[in-house]
Amino acid sequence: MSPPLLQLDGVQTHIGSYHILHGVDLAVPAGQVTMLLGRNGAGKTTTLRTIMGLWRASAGEVSFDGRPIHRHATPDIAQLGIAYVPESMGIFGDLAVRENLLLAARGARRLADIDTQRLEWIFGLFPALKKFWLYPAGKLSGGQKQMLAIARAIVEPRRLLLIDEPSKGLAPAIVANLIAALRELKATQTTVLLVEQNFAMARALGDTVAVMDDGRVVHAGAMKQLVEDEALQQRLLGLSLGAHQ
Amino acid sequence: MSTAAVPKAAFDGLPLALVPLLALGALPLVGSPSTWLTLTVAGLAMGMIVFVTASGLTLVFGLMDVLNFGHGVFIAFGAFVATTVFAGMADWTSVDSLARNLVAVFAAMLAAMALAGAIGWGFERVMVRPVYGQHLKQILITMGGMIIGEELIKVIWGPEQRPLALPEALRGSILIGDAAISKYRVLAVAIGAVVLVAMLWALNRTKIGLLVRAGVQDREMVESLGYRIRRLFVGVFVVGSALAGLGGVMWGLFQQNVIPQLGTQVNVLIFIVIIIGGLGSTLGCFVGALLVGLLTNYTGFVAPVFTAFASIALMVAVLLWRPQGLYPVANR
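Those protein sequence lines, which keep their order, are chains A and B.
FYI, in our numbering the residues of the first sequence are 1183 to 1427.
FYI, in our numbering the residues of the second sequence are 10 to 341.
Right under this line is the structure:
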């Protein structure tokens, strides 16, 4: 297994008086897609937000490439090369699609400064973005907004992508497109930590998996192992893969 | 990249169209075309001045979610700085030379913007920063700041009303037919237009403007993209305060006198304007200010007893039509 690019050791997070994460241990290997699974309220979103510094870890350590980052401010964490796609997608609705992308390209002052080849690659993954280039992002459909959110995360090369439930609320056909695009992204050896409730999507993309329950990681291992062990699926997720095929 | 066949969202011109509609609708009520023209230019000038003073506040509210009830103090400081600059440049304001007069006016404006911007920087650090995200405390502490500012003005310039006479060449009117157009109001319209164009250019054509517009919608996401929004907050607060200082000079010259309570007086009007325009929207603030300026002047002529009520009635009507203002900002 590759050495972890991101590692969480005993991470605890409080939101107000609520104790959400109770000591999360998680390793995200470089160049692989790690799926973070678990029922609603298990702490998956809180884990991603804690990694990004949007919520402070009250105990434990988050390290990226061997360096602790849990005391860093969110912009500093982003500048290390970590991109975040929140569950809400975080699209700037009043800005045009092209302005959303320009904003995400930190190194570009103008659109002309963005790497044209990379932009064409993104248009290849998400053709709708080219079509609606000048359109306010708020007017896009849910699926198109999700594509824009992911495109924003990859408009410049990033070392780690944190993506929170990209398939949520999307039609199956759109989810299939999204899986195809993420597979292509995976082929570039980008490290991804992907929160998902859709097990079919998790199975299609994941190299490794971590399952959370009640603010802790209760299982971590190869995705293949979880896919092949229906009893483990039942125990961890309360589902069987057969029902999702 | 070719964008010829790309769909582009239509611009919502309806709120903007309200300005000429209001002006044309007032014509039969005013009766005389020359009086109507005089009132319209006066209304546009007042609207431009209110826009300049309010534009900073709408950005501060939109980006930082800060209810700055102390914004008026920057306006008052700006106006009082102008009295000092004019006193020191009496030779430049009393001579009947437009060029020399304009130098004095612009010197006063630059000094007012510099001082108001500097006070704004200190105000953000000392008073606003500890209460980010706490609206009730923001209201209380910024109102406290306003009171302190007013008292400081009384200490520095005295409690009395101070005259701020127009420079010689800016006095009087230009006659167009029977209509008398005040020279200063023409200048005010021109300055307001320059500020509007500069703000729209900065907001729409620069990366910093893009960051401000994005920050108005979702501060957390801007930070997640790797930008330090706190620095942007400080910059916007300073620019907003400087614009208020500029507006204070324009307002003082419009009234031709200044009082320490100027900020408190103008505060209500500018809050009405930014609510009408849509909190955080520069274009909305501009349209709202023009509507308020025109309506105040027409009402003052047609039905003076309702003048004080006109702006509030306009705000109620706009909010019934568009509850988030004329140009609502997404995600707010």
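All C-beta atoms in this analysis are idealised placements derived from N, C-alpha and C, irrespective of residue type, glycine included.
{"Item": "Exposure label - B/A183; buried when at least 16 CB within 10 Å", "Value": "According to the sequence shown, residue 183 of chain B is Ile rather than Ala. Classification for B/I183: exposed."}
{"Item": "Endpoints, the alpha helix (DSSP H) within which B/S250 is located", "Value": "238–264"}
{"Item": "Beta-carbon neighbours of B/Q226, restricted to chain A and to distances below 8 angstroms", "Value": "F1274, G1275, D1276, L1277"}
{"Item": "Sequence-distant residues of the same chain with beta carbon closer than 7 angstroms to B/T12, five excluded per side", "Value": "Bear in mind that a pLDDT of 45 at B/T12, under 50, signals an unreliable position, so the model cannot answer this."}
{"Item": "Listed by chain order, chain A residues near B/Y141 by CB distance under 9 angstroms", "Value": "Chain A residues near B/Y141: none, gap ~14 angstroms exceeds 9 angstroms."}
{"Item": "Close-in-space but distant-in-sequence residues of the same chain around B/G167 (CB under 6 angstroms, 5 per side omitted)", "Value": "none"}
{"Item": "Per-residue DSSP class, three states only, for B/D21", "Value": "coil"}
{"Item": "Short-range partners of chain B found in the segment 1234–1262 of chain A, where Cβ spacing is below 7 angstroms", "Value": "M1234, L1236, T1256, P1257, A1260, Q1261"}
{"Item": "Extent of the continuous alpha helix (DSSP H) run through B/G81", "Value": "80–97"}
{"Item": "Residue nearest to A/I1233 in terms of C-alpha spacing, selected from A/L1208, A/G1220, A/V1215", "Value": "A/L1208"}
{"Item": "Proximity test, Cβ basis, 8 angstroms: B/M230 and chain A", "Value": "yes"}
{"Item": "Beta-carbon spacing of A/P1257, B/E232 below 8 angstroms", "Value": "yes"}
{"Item": "Span of the beta strand (DSSP E), counted from its first residue to its last, around A/Q1371", "Value": "Taken as a continuous stretch (DSSP letters only), A/Q1371 belongs to no beta strand (DSSP E), as it is neither H nor E."}
{"Item": "Per-residue DSSP class, three states only, for B/F280", "Value": "helix"}
{"Item": "Touch test, the segment 29–45 of chain B against the segment 212–227 of chain B, Cβ-Cβ under 8 angstroms, three pairs minimum", "Value": "no"}
{"Item": "Collapsed DSSP secondary structure at B/Y307 in the structure displayed", "Value": "helix"}
{"Item": "Residue ranges of each alpha helix (DSSP H) within the segment 1235–1304 of chain A, 4 or longer", "Value": "1256–1261, 1279–1286"}
{"Item": "Neighbour flag for A/E1378 against chain B, beta carbons, 8 angstroms", "Value": "no"}
{"Item": "Separation of B/L48 from B/G261, as counted between CA atoms", "Value": "19 angstroms"}
{"Item": "Closer than 7 angstroms at the beta carbon, the chain B residues around A/Y1266", "Value": "S233"}
{"Item": "C-alpha gap between A/T1195 and A/L1342, whole angstroms", "Value": "21 angstroms"}
{"Item": "Distance, B/G218 Cα to B/F246 Cα", "Value": "14 angstroms"}
{"Item": "Beta-bridge partners of A/H1401, as assigned by DSSP", "Value": "A/V1393"}
{"Item": "Where the segment 234–261 of chain B meets chain A: residues whose CB sits under 7 angstroms from a CB there", "Value": "L234, G235, Y236, R237"}
{"Item": "Sub-8 angstroms separation of A/E1347 and A/Q1326 beta-carbons", "Value": "no"}
{"Item": "Member of A/I1251, A/S1270, A/A1224, A/E1412 whose CA lies at the smallest distance from the CA of A/I1264", "Value": "A/I1251"}
{"Item": "Closer than 8 angstroms to chain B by CB, A/L1284", "Value": "yes"}
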